[in-house]
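Heads up, the sequence shown is in the UniProt record's numbering, so the first residue is 1 and it goes up one at a time.
Idealized CB from N, CA, C, for every residue including glycine.
Notes follow the structure.
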Amino acid sequence: EVLLPALYEEEEEEEEEEVEEEEEQVHKGGSVGSLSVNKHRGLSLTETELEELRAQVLQLVAELEETRELAGQHEDDSLELQGLLEDERLASAQQAEVFTKQIQQLQGELCSLREEISLLEHEKESELKEIEQELHLAQAEIQNLRQAAEDSATEHESDIASLQEDLCRLQNELEDMERIRGDYEMEIASLRAEMEMKSSETSNSLSLSDFSGLQEELQQLQERYHFLNEEYQALQESNSSLTEQLADLESERTQRATERWLESQTLRSMTSVESQTSEMDFPEPDPEMQLLRQQLWDAEEQMHDMKKKCQELCCELQELQHHRQVSEEEQNRLQRELKCAQNEVLRFQTSHSVTQSSPTPDPPIFSLPLVGLVVISALLWCWWAETSS
1 EVLLPALYEE EEEEEEEEVE EEEEQVHKGG SVGSLSVNKH RGLSLTETEL
51 EELRAQVLQL VAELEETREL AGQHEDDSLE LQGLLEDERL ASAQQAEVFT
101 KQIQQLQGEL CSLREEISLL EHEKESELKE IEQELHLAQA EIQNLRQAAE
151 DSATEHESDI ASLQEDLCRL QNELEDMERI RGDYEMEIAS LRAEMEMKSS
201 ETSNSLSLSD FSGLQEELQQ LQERYHFLNE EYQALQESNS SLTEQLADLE
251 SERTQRATER WLESQTLRSM TSVESQTSEM DFPEPDPEMQ LLRQQLWDAE
301 EQMHDMKKKC QELCCELQEL QHHRQVSEEE QNRLQRELKC AQNEVLRFQT
351 SHSVTQSSPT PDPPIFSLPL VGLVVISALL WCWWAETSS
C-alpha cells in the first residue's frame with residue numbers, strides 16, 4: 001500500500017512524458033509538413049492521405065485526453081489511498097500506544113504477582129518450619145508419654161502382683177484358720193460329749209486337782225486368746241495398709257486417667273493439625289506416627305485392663321471389709337460372752353473358796369465345762385474373725 005502511490009506517480013509521469021513526446025512529434029510533423037509544403041510546393045498530397053493524417057491526429061488527441069483523464073483518476077485514487085494510508089498509520093499508532101500501555105500494566109501486575117508469590121512462599125516455608133518443629137516436639141512428647149505409660153504399666157503390674165500375692169496369702173491363712181476352726185469345732189463337740197457324760201453323772205464334790213487343771217486350761221486359753229488377738233491386730237494393720245495402698249492406687253489411677261485424657265486431647269489436636277498439614281503438603285501418612293499411635297492405643301488398652309483388675313481387687317477388698325465388719329461384730333459379741341464367762345469363773349472361784357471354808361453342798365458340775373466351752377468358742381470366733389479380716 002505504501003508503494004502504490006509511488007508506482008502510480010511513476011506511471012503518471014511516464015504517461016505524461018509519452019504524451020509530451022507524441023505532441024512534440026505531432027508539432028514536429030506539422031512543422032515539417034508545413035516546411036515541406038512551403039518548400040516543396042511541387043509535391044502534392046492526396047486528400048485521402050491528409051484525411052488519414054487528420055484522423056490519426058484526432059485519434060492521438062483523443063488518446064491524450066483519455067490518458068489525461070486516467071492520470072487524473074489515478075491521481076485522485078493515489079490521494080485517496082494516501083488519506084487511507086495516513087488514517088491507518090494513525091490507527092496503528094494509537095493501537096501501538098494502547099498495546100504498550102497494556103503491556104506496561106501487565107508487566108506491573110506480573111511484578112506484583114511475583115512479589116506476592118515470593119512472600120507467600122516465604123510464609124509457607126516459615127509455617128512449614130514451625131509445623132515441623134511442633135511435630136518434632138509432639139513426637140518427643142509422645143515418646144515421653146509412651147515411656148511414662150510403660151513405666152506406669154510396669155508399676156501397676158508389680159502392684160497388682162504384690163496385691164495378688166497378699167490376697168493369696170490371706171486366702172491361704174483363711175483356709176488355715178478354717179481348718180483350725182474345724183479342728184476346734186471337733187474339739188468342742190468332743191468337749192460337749194464329755195460335758196454331757198459328766199452332767200449325767202452326779203457327783204457331790206469337786207476335787208482340787210480338777211479345779212487346778214481347769215484353771216491351767218483357762219490360763220492357756222487366755223494366752224492363746226492374747227496371741228490370737230495380737231495376730232488379729234497385725235492382720236488388721238496389714239489390711240489397713242493394703243486398703244491405703246489400694247486407695248493410693250485408685251487416686252493415682254484417677255490422676256493418670258485425667259492425665260491420659262488431657263494427653264489424648266492434646267494428641268488429637270496435634271493429629272488434627274498434622275492431618276491438615278498432611279492434606280495440604282504431605283499427602284502420604286507417616287509410618288512412625290502410626291506406630292506411635294498404635295503403641296499409645298496399646299498402652300491405653302493396658303491401662304483399661306489394669307483398671308478392670310483394680311476394680312476387681314477393690315470389690316474383693318470390699319467383700320473382705322464386710323467380712324471383717326461381721327467378724328468384728330461377732331468378736332464383740334464373743335468378748336461380751338467371754339466377760340460373762342470370766343465373771344462366772346470368778347463366781348465359781350469365790351463359791352469354791354466358800355465351800356472350802358464351810359462345808360456346803362457343791363455347785364453343779366456342769367458349770368465349769370460350760371465355761372471352758374464358752375471360752376473355747378470365743379477363742380475360735382476370735383481366730384476366725386482375725387483370719388477372715
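Quick one: what's got a C-beta closer than 6 Å to residue i's C-beta in the same chain, skipping five residues either side?
| i | result |
| --- | --- |
| Ser44 | The predicted position of Ser44 is uncertain, since its pLDDT is 47 and thus under 50; a value taken from the coordinates is nonetheless stated next. For Ser44, where only same-chain residues beyond five positions count, there are no Cβ hits under 6 Å. |
| Glu175 | none |
| Leu113 | none |
| Ser31 | With a pLDDT of 49 at Ser31, under the threshold of 50, the modelled position of this residue cannot be trusted, and the question is left open. |
| Glu178 | none |
| Gln171 | none |
What is the C-beta distance between residue i and residue j, in whole angstroms, given that I count them as a contact (C-beta under 8 Å)?
| i | j | result |
| --- | --- | --- |
| Trp381 | Glu319 | Going by Cβ atoms, the distance from Trp381 to Glu319 rounds to 20 Å, so no, they are not a contact pair. |
| Ala71 | Glu16 | 7 Å |
| Leu249 | Asp166 | 13 Å between Cβ atoms; not a contact. |
| Arg256 | Ser152 | 6 Å |
Just to check, is the beta-carbon of residue i closer than 8 Å to a non-hydrogen atom of the ligand MG?
| i | result |
| --- | --- |
| Glu52 | For the structure depicted, the ligand MG is absent and the ligand set is empty, with no information on it obtainable. |
Enumerate in chain order the residues of its own chain whose CB-to-CB distance from residue i is below 8 Å, with the five nearest sequence positions on each side excluded.
| i | result |
| --- | --- |
| His136 | none |
| Leu35 | Here Leu35 scores only 43 on pLDDT, less than 50, and its place in the model should not be relied on; the value that follows carries that caveat. So the list is empty, once near-sequence residues are dropped. |
| Glu13 | none |
| Trp261 | none |
What does a CB cutoff of less than 7 Å around residue i pick up in its chain, not counting 5 residues either side in sequence?
| i | result |
| --- | --- |
| Glu312 | none |
Is residue i close to chain E? Criterion is C-beta to C-beta, closer than 9 Å.
| i | result |
| --- | --- |
| Ala140 | In the structure shown, chain E does not exist; there is a single protein chain. |
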